[in-house]
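Letter by letter, the sequence shown follows residues 1 to 196 of my numbering.
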Amino acid sequence: MSEAPMTPVEIKRLLEAALLASAEALSIARLRQMFDESYGTELLRRCLEELQADWRGRGVQLVQVAEGWRFQTAAEMQPWLERLNPVTAPRYSRAVLETLTIIAYRQPVTRGDVEEIRGVAVSTPVIRTLEERGWIEVIGHRDVPGRPGLYATTRRFLSDLGLRSLAELPPLPEIGSTPVTLPLLDVENEESDAVH
1 MSEAPMTPVE IKRLLEAALL ASAEALSIAR LRQMFDESYG TELLRRCLEE
51 LQADWRGRGV QLVQVAEGWR FQTAAEMQPW LERLNPVTAP RYSRAVLETL
101 TIIAYRQPVT RGDVEEIRGV AVSTPVIRTL EERGWIEVIG HRDVPGRPGL
151 YATTRRFLSD LGLRSLAELP PLPEIGSTPV TLPLLDVENE ESDAVH
């Protein structure tokens, strides 16, 4: 049994419903699973862009991030939303943020590379925290004795920061005597490698 072709308005309604019902960003490939093969990627992309324009200027926005498309509250609504549901954002130790920053800007890097740049050892709990958060992963191994793992950031890292690609990372001051941290994340005022 063949279904009647959907109009662009119907396609947008279905995309909107799927994205609002999803707790995570959805890629176009994933969204295409709802349609038969006659609905191409370009058609869905155009419908998503139109839907994005339809929601522009409202309290909720449709945004494209590294993992796909998602609805999220507009940044300017945050002060009022925090009054309704006060949530304390997770805070990470300086060691976690410095390690993440080095991996993000210098990837792929080994743990030894990170230690050389930071000037101190990187503890296993620091790496574990970043892996458990889904922000870094081993993407290969350096071809040297011991074959150390090469770390890189993930698409989840970019999506959690609201970015589509590494090119959107803010410029980083020269790595030297100044502490190195991603300006988009909150850091605790401590120098230890304790993970929180």
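Cβ coordinates follow ideal geometry from the N, Cα and C atoms, glycine included.
Residue range 60–65 is occupied by the beta strand (DSSP E) that includes Val-60. Contact annotation: Leu-31 and Ala-17 have beta-carbon atoms that are not nearer than 8 Å. Using a Cβ distance threshold of 8 Å, Leu-48 and Leu-15 count as a contacting pair.
Across the structure, Thr-41 and Ser-123 are spaced so that their CA atoms are roughly 44 Å apart.
Rounded to whole angstroms, the separation of the alpha carbons of Gly-119 and Arg-45 is 46 Å.
Taking all protein chains in view, the Cβ of Leu-84 is surrounded by fewer than 16 other Cβ atoms within 10 Å, so the residue is classified as exposed. If you draw a 10 Å sphere on the C-beta of Asp-143, you find fewer than 16 other C-beta atoms in it, and that means exposed.
Here the C-alpha atom of Arg-94 lies approximately 45 Å from the C-alpha atom of Leu-43.
Counting along the chain, the unbroken beta strand (DSSP E) around Val-138 starts and ends at 136–141. Inter-residue distance for Ala-152 and Glu-115 is about 15 Å (C-alpha atoms, whole angstroms). Within the model, the alpha-carbon separation for Leu-161 versus Gln-64 is close to 12 Å. Take Leu-158, set aside five residues on each side of it, and the residues of its chain with a beta-carbon closer than 6 Å to its own are Ala-66, in chain order. Between the alpha carbons of Phe-71 and Gln-61 lies a distance of about 6 Å. The Cβ atoms of Pro-108 and Ile-139 sit closer than 8 Å to each other.
Nearest to Arg-111 by alpha-carbon distance, out of Glu-3, Ala-23 and Pro-148, is Pro-148. With 16 or more neighbouring CB atoms inside 10 Å of its own CB, Asp-113 falls in the buried class.
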